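J.: Just dropping this structure here.
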Amino acid sequence: MLDSPFRQVAAGAALLVTLATGAAQAADWSDTAIGYRYGSQFHEPGNPERVAKHVLQVTHVSGYALGQNFLNLDLLQSDSANPVSGSSSGATEAYLVYRHQLLAGKVLDAPITFGPVRDMALTAGVDLNTKNTAFSPRKRQLLVGPTLKFDVPRGFVDLSLFYSREWNHCGLDACGLPGNRNTLAFDPYYQLNLAWGLPFETGALPMKFQGFFNLNGEKGDDYFGVATEAEQLMRSSLMLDVGRLAGDGENTLWVGAGYEVWRNKFGNHGKPGVDTDALMFQLEWHL
């Protein structure tokens, strides 16, 4: 049985699908997908144990007259190696990402093109998370910056440079924030983001290579007065369009393998659990 927090965030995922479907009716184009991934080699800062996670994912992308939207909600269920506060059962996390791109080609009625770049955009967004561990993180992150959109035969490749501000929460008594506060405003930092989705065919096999890479700069001291270091996160996957092979139409059901590489997770360093190399099984069902 799923615990109560997971049922609550699962209900939130169902609501997100409903809202995304409604928003799609007002868009020029849209795509909504429900995904699942599983891996057993994840890590958490300060924890030397490997953590297995089931992840339910809801993703919505859409375009309108002046730009496009990206919305993703991950609902992560850990095993007992990453426990709930005050319990031996696995923790539940919800992580929401939203990005909006205002396209220069749409606003100016002419794309900004040079070299391999087919257009530019101004991108803004937010990251939100909550997790029921003893640390009790509640991340609030705002980002804004330019995006280069590269000219590729199919799919997309976007490179962005964001200015970022982040606020987070620490529920531990050991947190050394002044005035007995439990919320920390990190120093402003940059984020270099590369995102891609590239469909291709190998013989009769319709496939795609997709993912993202984030490089976050240092963001000042953490909750314990220790200086953070630059953080790297890459999550990629190679997927097969089994729906098309089964005659159920293109871009319906995808199956494949993913890989996550995380270095200095959340800016932590010099402690167990700050680096991850995790192979994942993945599914995608497009509505």
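Numbers -26 to -1, 1 to 261, taken from mature numbering (1 follows the signal peptide of the UniProt record, and there is no 0), label the letters of the sequence shown in order. Glycine included, each C-beta is placed from N, C-alpha and C at the ideal position. None of these values were measured; they are calculated from a predicted model.
Please report the distance separating the alpha-carbon of L30 from that of G171.
T.: Approximately 20 Å between the Cα atoms of the pair.
J.: If you measure from the beta carbon of C149 to each beta carbon in chain D, is any gap under 9 Å?
T.: The question asks about chain D, but that chain is absent: this structure has only one protein chain.
J.: By how many angstroms is the C-alpha of P246 removed from the C-alpha of P22?
T.: Answer to the nearest angstrom: the Cα atoms are 5 Å apart.
J.: Along the chain, where does the alpha helix (DSSP H) containing K80 start, and where does it finish?
T.: A78 to V81 is the span of the alpha helix (DSSP H), which, as asked, contains K80.
J.: Can C149 be considered in contact with the ligand MG, in the sense that its beta carbon sits closer than 8 Å to one or more heavy atoms?
T.: Ligands displayed in this structure: none; no statement on the ligand MG is therefore possible.
J.: Report buried or exposed for L47, applying the criterion of at least 16 other Cβ atoms within 10 angstroms of its Cβ.
T.: So L47 ends up on the buried side.
J.: Using 10 angstroms around the beta-carbon of D128, count the other beta-carbons present and answer buried if the total reaches 16, otherwise exposed.
T.: The displayed chain sequence assigns Arg, not Asp, to residue 128. Classification for R128: exposed.
J.: Taking the C-alpha atoms as reference points, what is the distance between L219 and H260?
T.: Answer to the nearest angstrom: the Cα atoms are 15 Å apart.
J.: Looking only at DSSP bridge pairs, what is K182 linked to?
T.: Beta-bridge pairing links K182 to P173 and M213.
J.: Grouping DSSP H, G and I as helix and E and B as strand, with all else coil, what is P(-22)?
T.: For P(-22), the predicted model reports a pLDDT of 47, less than 50, meaning its position is unreliable; a value from the coordinates is still stated below. Three-state result, P(-22): helix.
J.: Under 8 Å: do the stretch 180 to 187 and the stretch 202 to 212 share three or more Cβ pairs, one atom per stretch?
T.: Judged by Cβ distances under 8 Å, the stretch 180 to 187 makes contact with the stretch 202 to 212, as three or more pairs qualify.
J.: May I have the straight-line CA-CA distance separating N43 from G145, to the nearest angstrom?
T.: Looking at the two C-alpha atoms, the distance is approximately 33 Å.
J.: With 16 as the cutoff for other CB atoms within 10 Å, does Y197 come out buried or exposed?
T.: So Y197 counts as buried.
J.: If I measure Cβ to Cβ from E175 and keep anything under 8 Å in the same chain, skipping five residues before and after, which residues do I get?
T.: Excluding positions up to five away in sequence, the list reads M181.
J.: Helix, strand or coil for L40 per DSSP?
T.: Coil at L40, not helix or strand.
J.: I need the boundaries of the beta strand (DSSP E) containing K123, first residue and last residue.
T.: Its beta strand (DSSP E) spans residues R114 to F124.
J.: With DSSP collapsed to three states, give me the class of R139.
T.: Correct three-state label for R139: strand.
J.: What is the DSSP secondary structure of G247, counted as helix, strand or coil?
T.: Coil at G247, not helix or strand.
J.: Would G244 be called buried (16 or more neighbouring beta carbons within 10 Å of its own) or exposed?
T.: So G244 counts as exposed.
J.: Looking only at its chain, what residues have a beta carbon closer than 8 Å to the beta carbon of V200, apart from the 5 residues adjacent to it on each side?
T.: Same-chain partners within the cutoff: there are none.
J.: Assuming Y12 is part of the beta strand (DSSP E), what are its boundary residues?
T.: It spans W3 to E18 - the beta strand (DSSP E) in which Y12 sits, taken as one unbroken run.
J.: Less than 9 Å between the beta carbons of W141 and L117, yes or no?
T.: Not closer than 9 Å, so no.
J.: How would you label K3, buried or exposed, when you count the other beta carbons within 10 angstroms and need 16 or more for buried?
T.: Per the sequence shown, the amino acid found at residue 3 is Trp instead of Lys. With fewer than 16 Cβ atoms within 10 Å of its Cβ, W3 is classed as exposed.
J.: Alpha carbon to alpha carbon, what distance is there between E192 and T97?
T.: Using only the alpha carbons, I get a separation of about 21 Å.
J.: So for R24, helix, strand or coil by DSSP?
T.: Of the three classes helix, strand and coil, the one that applies to R24 here is strand, per DSSP.
J.: Taking all protein chains shown into account, do 16 or more other C-beta atoms lie within 10 angstroms of the C-beta of F137, making it buried, or fewer, making it exposed?
T.: In the sequence as presented, Phe is not what sits at residue 137; that position holds Tyr. Classification of Y137: exposed, given that the 10 Å Cβ count is below 16.
J.: Just list the residues that DSSP pairs D53 with in beta bridges.
T.: According to DSSP, which records beta bridges pairwise, D53 is partnered with nothing at all.
J.: Which same chain residues end up closer than 7 Å to L40 when comparing Cβ atoms and leaving out the 5 residues on each side of it in sequence?
T.: If we look at L40 and ignore the five residues flanking it on each side, its Cβ neighbours are L76, L77, K80 and V81.
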